[in-house]
């Protein structure tokens with residue numbers, strides 16, 4: 001009889017499969033909990049992206065407003081910082097698209 005020392009020292013509760021009805025959480029509930037946690041995290045990121053995007057939109061609005069008042073004296077009606085805010089806004093849009101795609105992927109995995 002050759003048994004490994006590891007098997008002798010492991011309690012029976014550690015050997016049971018997580019799929020047994022006696023276990024506190026089965027595989028399906030663990031997957032649902034993980035998906036819910038992931039969706040909550042994506043929602044938090046979405047809210048942050050909305051706040052930053054709104055900030056960029058408001059900044060663009062103010063820059064355009066001041067640029068229209070000074071447009072008679074300038075050759076280029078679009079100041080350089082307007083381009084910067086527009087680029088940042090495009091980055092925020094791509095982040096939001098990624099968040100949406102990831103959230104939809106989690107929902108699809110749950111089906």
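Residue numbers (my numbering): 1 to 111.
Beta carbons are placed, not taken as given, at the ideal position from N, Cα and C, and that holds for glycine.
In this text the structure is predicted, and so the values were computed from the model without any measurement.
- CA-to-CA, the gap between residue 42 and residue 109 works out to about 15 Å.
- With a cutoff of 8 Å on beta-carbon distance, residue 67 and residue 84 are scored as not near each other.
- Contact between residue 106 and residue 54 is ruled out by a C-beta separation of about 25 Å, above the 8 Å threshold.
- Leaving aside the five residues that flank residue 89 on each side, the residues in its chain whose CB is nearer than 8 Å to its CB run, in chain order, 53, 56, 57, 60.
- 8 Å or more divides the Cβ of residue 99 from the Cβ of residue 36.
- Remark: C-beta atoms of residue 46 and residue 92 do not approach each other more closely than 8 Å.
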